[in-house]
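Worksheet: the structure to be examined is printed underneath.
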Amino acid sequence: SVGGDGGPCHARHFNNNKAGVVNSTIKPGLDVTVFRFWVCGGAYKLTVVEGETLPPARHLLGNNGLLRVGGGVDVVDYFERLLHAGMPHHLCLVEGHHADRMLAFARATGVEVVA
């Protein structure tokens with residue numbers, strides 16, 4: 046619930062003590078898509094994976110959650126590929142599985158997919 050244990054509430058950032066952070070634990074059991082569009086070396090890039098949210102092992106400040114990535118993705122290798130492709134450190138998470146639509150958009154617009 047809003048303002049309750051694990052629910053969204055306004056807070057100060059844990060690194061710099063500035064206002065404007067929402068502390069919240071992402072609801073477990075959701076089908077989700079995690080993605081990021083970015084520009085590196087003059088080229089647009091996209092990464093996208095689908096999965097399911099799980100209960101986190103512990104609650105952290107900021108947005109907190111745990112994800113089981115589907116499709117047999119080796120997360121360690123995937124993360125290394127993202128680093129070498131220049132991906133910034135924030136990702137977007139939306140409810141539902143939407144990778145097919147994002148990949149179709151990338152193909153239609155010439156966006157490089159980092160998988």
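For my numbering, add 45 to where a residue sits in the sequence shown, where the first one is 1. Don't be surprised by glycine CBs; every beta carbon is placed ideally from N, CA and C. Please read all numbers here as calculations on a predicted model, not as lab measurements.
Measuring alpha carbon to alpha carbon, tell me which residue in R152, V47 and L136 is nearest V94.
On the sequence shown, position 49 is the one that residue 94 refers to. Out of R152, V47 and L136, L136 has the C-alpha closest to the C-alpha of V94.
Which residue wins for smallest C-alpha separation from M132, given the options V77, L106, R81 and D119?
Numbered from its first residue, the sequence shown carries residue 132 at position 87. When each option's Cα is compared against that of M132, the closest is R81.
How big is the Cα-Cα spacing for R113 and E97?
Along the sequence shown, one-based indexing puts residue 113 at 68. Along the sequence shown, one-based indexing puts residue 97 at 52. Going by the C-alpha atoms only, they are around 5 Å apart.
Output the boundary residues of the beta strand (DSSP E) element that contains D76.
Residue numbering aside, residue 76 sits at position 31 when the sequence shown is read from its first letter. D76 -> beta strand (DSSP E) spans D76 to C85.
Who are the near neighbours of A88 in its chain, counting only those whose CB is closer than 6 Å to its CB and skipping five residues on each side?
Taking the sequence shown and counting its residues from 1, one reaches residue 88 at position 43. Contacts found: E157.
What are the residues that DSSP puts in a beta bridge with H55?
Within the sequence shown, the letter at position 10 stands for residue 55. According to DSSP, H55 bridges with V67.
Near P101, which residues of its chain fall below 7 Å by C-beta distance, leaving aside the five closest residues on each side in sequence?
Residue mapping note: residue 101 aligns to position 56 of the sequence shown, counting from 1. Same-chain partners within the cutoff: T70, N109, G110 and L111.
Out of A130, A153 and L148, state which residue places its alpha-carbon closest to the alpha-carbon of W220.
What is shown of the chain runs 46 to 160, which leaves residue 220 out entirely.
Say whether chain C places a C-beta atom closer than 9 Å to the C-beta of L128.
Absence of chain C from the displayed structure is noted, only one protein chain being present.
Within the continuous beta strand (DSSP E) that includes L112, where are the two ends?
Numbered from its first residue, the sequence shown carries residue 112 at position 67. Where L112 is concerned, the enclosing beta strand (DSSP E) stretches over L111 to V114.
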